[in-house]
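What follows is one structure encoded as structure tokens, with my remarks underneath.
Protein chains: 2
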Amino acid sequence: MPNPTAAMLVIGDEILSGRTRDTNTNYLATQLTQAGIRLAEVRVVPDEAPAIIAALNALRAGYDTVFTSGGIGPTHDDITADAVAAAFGVEIGPHPEAMARLAAHYARAGMEFNQARQRMARIPAGASLIDNPVSTAPGFRIGNVHVMAGVPNIFQAMLASVLPGLTGGAPLLSQSLAVNRGEGEIATPFAALAAEFPDLSMGSYPFIQNGAHGTNLVIRGTDAGRLDAAMTRLAALFGDAG
Amino acid sequence: MPNPTAAMLVIGDEILSGRTRDTNTNYLATQLTQAGIRLAEVRVVPDEAPAIIAALNALRAGYDTVFTSGGIGPTHDDITADAVAAAFGVEIGPHPEAMARLAAHYARAGMEFNQARQRMARIPAGASLIDNPVSTAPGFRIGNVHVMAGVPNIFQAMLASVLPGLTGGAPLLSQSLAVNRGEGEIATPFAALAAEFPDLSMGSYPFIQNGAHGTNLVIRGTDAGRLDAAMTRLAALFGDAG
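Chains as they are written, first to last, in our numbering: chain A, 1 to 242; chain B, 1001 to 1242.
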């Protein structure tokens, strides 16, 4: 059975301007790989409703699961929840449970639960909440879309609560061999080996170390036995140079 | 006049598996912002021709300029040039100038210019070469698409040779103010200020420092005078908490 697929939608002008580096995608990729879910596409769009809606509708139709990060805070540029509601064609309004959690959170902190903070309880109709153990304001799941925070430690906490509920596949395994030769030298035998193992994916990644060219050869797949067999052949081909 | 727009297409299984962190997007974003070109969308797709072709055709139709990174090396998983040719509906074959440069490069290095390395001279018909001062194998430009290497120092060198030839706009300026208050506290007056300056873009980015909540308020635009005016108002609103 093929592994389930996922897509990531990063929302935020600050990523596209270069001001902020997106670290959530790499974290998500690593976690999904371990869970046997294949991250198959990533898109980054600005804080603009038409761009968010178009990308979300393309991704949720194309992949089993979608994750979004960013744009669910209390300020005027946080428009993700409204854009998601529009993409699904549903209403959006204050969610009683989200309101209750946030009201309690700000009461404990002795801070005003003002109109801006109440914005964070606006949730599309039919969505279920995703817990936020860091700062309370929840994410939410609607259909196959998981709407999560952009702040990395909150994104990671939300992912931890979501991931066990997703249908994964056999973990995507990988093994690698570093060889002291450039890509151009190993390309032909490496391609022949890849053709022998059509059920595995083989990639090569050049590096330079102490001024010398080297290549990391990476084999990925879900069957540990096949991976071992391919690695044995790889070592026989290139191991002397490694 | 609105600023020209650009999109980035990152090609590579190694990004989607989490093995490699994409650093080219952030570098490109920063360089384009300085040149007054607005990076408006990013997509990451695997080393699969249908995915590359679909994304490339969507992006080159939607934005003034497109950059790609990855998949132009000598190994079997390097299929970007062929996918770009297919997207444009043109032939692909050995490019005489690229062949000459690579032949000379490998002759100088005393290395065989073998069939795998000759793959790197395959360029779509009608494309012009982008210099690679690091390792010779060129990128290329076809239409509004710039096909560049995934290795960061080569990507950066190629961008340096491409960027001066692009039509930029007024540089996208930004100023920021860090305030010692959470987003929820500044959201309402900050939104009112944003409404007063519809020609500027204002964003807020929460942080936690020494256990206390703070927010970076960022104003972006192309008119330095308007930016100064907005920053003066911002400092009057929140400067005491900064």
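All C-beta atoms in this analysis are idealised placements derived from N, C-alpha and C, irrespective of residue type, glycine included.
Closer than 8 Å to chain C by CB, residue i
i, result
"A/G89", "In summary, chain C is missing from the structure at hand, where the protein chains are A and B."
Outcome for residue i when other beta-carbon atoms lying within 10 angstroms are tallied against a minimum of 16
i, result
"B/S1128", "exposed"
"A/A62", "For clarity, residue 62 of chain A is Gly in the given sequence; the question names Ala instead. Classification for A/G62: exposed."
"B/I1208", "exposed"
"B/A1116", "buried"
"A/T215", "buried"
"B/E1112", "exposed"
"A/G184", "buried"
"B/G1018", "buried"
"A/A107", "exposed"
"A/D224", "What sits at residue 224 of chain A in the sequence shown is Ala, not Asp. With fewer than 16 other Cβ atoms within 10 Å, it is exposed."
"B/A1007", "buried"
"B/T1232", "exposed"
Simplified DSSP assignment, three categories, for residue i
i, result
"A/R38", "strand"
"A/M111", "coil"
"B/H1095", "coil"
"A/T19", "The question names Thr, but residue 19 of chain A in the sequence shown is Arg. DSSP places A/R19 in coil when its eight states are reduced to three."
"B/Y961", "The structure shown does not extend to residue 961 of chain B, since chain B is modelled only from 1001 to 1242, so the question has no answer here."
"A/P50", "helix"
"A/R181", "coil"
"A/I130", "strand"
"A/F213", "It is worth fixing the name first, because residue 213 of chain A is His in this sequence and not Phe. If DSSP states are grouped into helix, strand and coil, A/H213 belongs with the strands."
"B/P1068", "A quick correction: the sequence has Thr, not Pro, at residue 1068 of chain B. Of the three classes helix, strand and coil, the one that applies to B/T1068 here is strand, per DSSP."
"A/V90", "coil"
"B/F1190", "helix"
"A/G12", "coil"
"B/A1157", "helix"
"A/V84", "helix"
"A/P152", "helix"
"B/G1225", "helix"
"B/P1124", "strand"
"A/P2", "coil"
"B/A1061", "helix"
"B/A1236", "helix"
Close-in-space but distant-in-sequence residues of the same chain around residue i (CB under 7 Å, 5 per side omitted)
i, result
"A/D47", "I11, G12, D13, G71, D77, I79"
"B/G1093", "R1122"
"A/S135", "I154"
"B/F1190", "M1202, S1204, L1217"
"A/S161", "I130, D131"
C-beta contact flag for residue i and residue j at 8 Å
i, j, result
"B/T1075", "A/A58", "no"
"A/N197", "A/A149", "Reading off the sequence shown, one finds Phe at residue 197 of chain A, where the question assumed Asn. No, Cβ-Cβ distance for A/F197 and A/A149 is not below 8 Å."
"A/P152", "A/T23", "yes"
"B/L1200", "B/L1217", "no"
"A/A29", "B/L1009", "no"
"A/A51", "A/V45", "yes"
"B/A1103", "B/A1049", "no"
"A/M120", "A/A109", "no"
"B/L1193", "B/L1234", "yes"
"A/T5", "A/D64", "yes"
Residues near residue i in its chain [Cβ-Cβ closer than 6 Å; skip 5 each side]
i, result
"A/V145", "R60, V66"
"A/T33", "L172"
"A/A87", "I53, L56, N57"
"A/S69", "V10, N24, M148, G150, F155"
"A/A157", "P133, V134"
"A/H105", "T136"
"A/P206", "E183, T215"
"A/Q175", "I219, L227, M231"
"A/H95", "A121, I123"
Own chain, CB closer than 8 Å to residue i, minus 5 neighbours either side, in chain order
i, result
"B/A1222", "Looking at the sequence provided, one finds Thr at residue 1222 of chain B rather than Ala. Same-chain partners within the cutoff: N1003, G1036, G1169, A1170, P1171, L1172, L1173."
"A/P124", "A81, V84, A85, F88, V90, E91, I92, F140, I142"
"A/A212", "N180"
"A/Q31", "L159, L163"
"B/Y969", "This structure cannot speak to residue 969 of chain B, because chain B is shown only from 1001 to 1242."
"B/A1195", "none"
Contact test: residue i Cβ vs the ligand NAP heavy atom, cutoff 7 Å
i, result
"B/G1182", "Within the structure as shown, the ligand NAP is missing, as the structure has no ligands at all."
With a threshold of 8 Å, are at least 3 pairs of Cβ atoms found where one atom belongs to the stretch 150-166 of chain A and the other to the stretch 1035-1044 of chain B?
no
Contact the stretch 179-191 of chain A vs the stretch 95-110 of chain A: 3+ CB pairs below 8 Å
no
The stretch 230-241 of chain A / the stretch 1114-1131 of chain B touching (three or more Cβ pairs under 8 Å):
no
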